[in-house]
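Let me begin by presenting the structure, written as structure tokens, before commenting on it.
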Amino acid sequence: MGFRKKIHKRGNCLNSQLSHCKYLTADGCEHMAFLQTYIPFPSDPGSNNLDNDFVLYPVPINIVTHESQLPTEFLHPSPKSQFVIGFDCEGVDLCRHGTLCIMQLAFPDAIYLVDAIQGGRKLINACKPALQSTYITKVIHDCKRDSEALYFQFDIKLHNVVDTQLAYYLIEEQQGQKRSPYDNISFVHLLADHRYCGISYFEKKEVRTLLREDPGFWTYRPLSELMIRAAADDVRFLPYIYHKMMEKLTEESLWRLAIRGALHCRCFCIKDNEQADWPPVPSIPECFREGNAPEQEILSVLTVPAEKMGCIIGRKGSSILSIKESCNAEILIRGAKGPVENLILGHHHRTSEAGAESRSHVERENVGK
4 MGFRKKIHKR GNCLNSQLSH CKYLTADGCE HMAFLQTYIP FPSDPGSNNL
54 DNDFVLYPVP INIVTHESQL PTEFLHPSPK SQFVIGFDCE GVDLCRHGTL
104 CIMQLAFPDA IYLVDAIQGG RKLINACKPA LQSTYITKVI HDCKRDSEAL
154 YFQFDIKLHN VVDTQLAYYL IEEQQGQKRS PYDNISFVHL LADHRYCGIS
204 YFEKKEVRTL LREDPGFWTY RPLSELMIRA AADDVRFLPY IYHKMMEKLT
254 EESLWRLAIR GALHCRCFCI KDNEQADWPP VPSIPECFRE GNAPEQEILS
304 VLTVPAEKMG CIIGRKGSSI LSIKESCNAE ILIRGAKGPV ENLILGHHHR
354 TSEAGAESRS HVERENVGK
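Counting from 4, one number per residue, gives the positions in the sequence shown under the numbering used here.
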């Protein structure tokens, strides 16, 4: 990794310190940008750091408009070089019908902002082997919409993800906390949790306000300082959070995390082929094949006639809340960002006989007309 200056964590505010640099866009024009930030690493054991939590290392932010600007090990995944990156996407109405604008990749020594506007389909397609690779772990917070956009816009089947939103609740379950089926922890709240970072991300609110005022925020070029900073901030802490979560997760929780990540990647990517073109979900580990086998994890996709969705939701949401409580499951409705007739019933459980080959899958069901 080489020598890099350490900066100990100070305070609890996420505040990127970015330096000026020039970069070239695909049209050959030169632009000024702010291309340095800091990535956290665990503190050295026995250090004098007051909170002994993490230290920050300065790393460059690379704006990528051509595949040659990406690391070779990313473009050509190999079992000899397996690694973990932070991953996120930004865009306009990010889903099957929206526009993917930026993919963010956080490596230990650099952050790459893959510019889908400047680099186009050719650049995103160059990333396809990595995004589908088993050898590269993609750490992301809430993978559903990102996966949907990549699948329908670029035929990319996002694979081998660690979803920190899912991991958070698995850790809570391990510690005896009962999750409300209405809860989905936001990235801002995850960062603020002292067990993972203890960082306040105030600027996220500013970006959200700008997105409400102008949904095309991420399409503008050249990228502004705020855009670069916000894009980098969304991924630079993910590898560290991954490190902290892996310390806490049990073997069974790690398996469930892999299962749920695989199901959430494909839950908005339903086609008539029933995900036949997706890789199989992780098989049950040998240590669970005998004795008390885990329950089967099911992600149900319910097809509801458009005129009947109101009946499913009920007055002030009463019906759908009852479904959540009875199933102890998350429910996702593809409304403005997808076909209104699809309702996703997230990772509820079904007991199945020990030794079953496939314990986790996506089911499609039709709600009667």
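Note that CB positions come from ideal geometry on N, CA and C, so glycine has one too.
It should be emphasised that the depicted structure is a prediction, and the values quoted were computed from it without experimental measurement.
Between the Cα of residue i and the Cα atoms of the options, which residue gives the shortest distance?
i: P74; options: I114, E93, G94; result: I114
i: G89; options: V117, T102, Q156; result: V117
i: E382; options: W258, F271, C270; result: Absent from the structure is residue 382, since the part of the chain shown begins at 4 and ends at 372.
i: A152; options: R224, C272, V284; result: C272
i: L260; options: A109, Q72, Q168; result: Q168
i: D166; options: K274, L59, S71, L241; result: L241
i: V87; options: A109, Q72, S71; result: A109
Taking its Cβ as the centre, do 16 or more other Cβ atoms sit within 10 Å of residue i, making it buried, or is it exposed?
i: G179; result: exposed
i: Q107; result: buried
i: Y26; result: Residue confidence for Y26 is low, a pLDDT of 48 falling below 50, so the modelled location carries little weight and cannot support an answer.
i: P43; result: buried
i: D91; result: buried
i: T212; result: exposed
i: P82; result: exposed
i: E209; result: exposed
i: S150; result: buried
i: D280; result: exposed
i: E93; result: buried
i: E228; result: exposed
With a cut-off of 8 Å, does the C-beta of residue i fall near any C-beta of chain D?
i: G264; result: You won't find chain D in this structure, because it holds only one protein chain.
Kindly indicate which three-state DSSP category residue i falls into: helix, strand or coil?
i: I88; result: strand
i: L73; result: coil
i: I244; result: helix
i: S150; result: helix
i: T40; result: strand
i: C268; result: helix
i: T222; result: helix
i: P80; result: coil
i: L103; result: strand
i: G341; result: Caution is warranted here: a pLDDT of 49 is assigned to G341, below 50, making its placement in the model unreliable, and the coordinate value is therefore given only provisionally. It is coil, neither helix nor strand.
i: P132; result: helix
i: T212; result: helix
i: L252; result: coil
i: K207; result: helix
i: D166; result: strand
i: Y115; result: strand
i: K125; result: helix
i: D54; result: Low local confidence applies: a pLDDT of 45 at D54 is under 50, so the model's placement there is unreliable, with the coordinate-based value given in what follows. Three-state result, D54: coil.
i: K8; result: Caution applies to K8, whose pLDDT of 44 falls short of 50 and renders its modelled position unreliable; the model cannot decide the point.
i: L194; result: helix
i: L108; result: strand
i: Y60; result: strand
i: I174; result: helix
In chain order, what residues of the same chain lie with their CB nearer than 7 Å to the CB of residue i, ignoring the 5 residues before and after it?
i: Y171; result: I188, L193
i: V95; result: G101, T102, C104, P218, G219, W221, T222
i: V164; result: K141, I143, C146, G264, C268
i: P45; result: F57, H246
i: N128; result: F157
i: L214; result: F220
i: Y199; result: L193, I244, K247
Leaving aside the five residues before and after residue i along the sequence, list all residues of the same chain whose C-beta is less than 6 Å from its C-beta, in chain order.
i: I174; result: K251
i: P282; result: H162
i: A133; result: F77, P80, I139
i: K131; result: I159
i: T137; result: N163
i: L97; result: R148, A152
i: M248; result: A170
i: Q85; result: Y138
i: R99; result: E151, F155
i: A119; result: L103, C104, I127
i: Q135; result: K160, H162
Going by beta carbon distance, what residues of the same chain come within less than 8 Å of residue i, once the five residues before and after it are set aside?
i: Q177; result: K251, L252, T253, S256
i: Y204; result: L17, F190, V191, L194, A195, D236
*Determine contact between the stretch 231 to 251 and the stretch 117 to 125, defined as no fewer than three beta-carbon pairs at a distance below 8 Å.*
no
_the stretch 62 to 79 in contact with the stretch 187 to 200 per 3-pair CB rule at 8 Å_ = no
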